[in-house]
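To start, the structure itself, in structure tokens.
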Amino acid sequence: SKLVVIDFTATWCPPCRMIAPKFEQLSKDTPDVVFAKVDVDENEETAGSQGIEAMPTFLLFKDKSQVDKMLGADFDGLVKLVEKHK
């Protein structure tokens, strides 16, 4: 099964805006991984149920189970997690 990477983001969050283009490029460069974004203001219930308290937060899932979590706009760290779990 494919790795799924979810970016919990907000339009008002400067670090989120900073990493957004890199996240988009990573999704293009890694077609065997599913990438998605969740706007926490538009999806408060989903963000709350996932325990999202800061943005950006990246959750990584495989086989419907969370396999990792990363807080902050650390692109190099995100790339390492994607490589580790895909």
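In terms of UniProt numbering, the sequence shown opens at residue 1 and continues consecutively.
Idealized CB from N, CA, C, for every residue including glycine.
- Whole alpha helix (DSSP H) elements within the UniProt domain "Thioredoxin" (1 to 86), 4-residue minimum: 14 to 29, 44 to 49, 75 to 85
- With C-beta atoms as the reference, is Lys86 less than 9 Å away from Leu3? yes
- Identify, in the order they occur along the chain, each residue of the same chain with its Cβ nearer than 7 Å to the Cβ of Ala47, setting aside the five sequence neighbours on each side. Phe8, Val38, Val40
- Exposure of Pro56, with buried meaning 16 or more beta-carbon neighbours within 10 Å: buried
- Contact check, Lys22 vs Phe75 under 8 Å by CB: the rounded distance? 5 Å
- Task: Assign Ala54 to one of two classes, buried (16 or more other C-beta atoms within 10 Å of its C-beta) or exposed (fewer than that).
- Result: exposed
- What residue from Pro14, Asp29, Cys16, Val82 has the CA that sits closest to Lys62's CA? Val82
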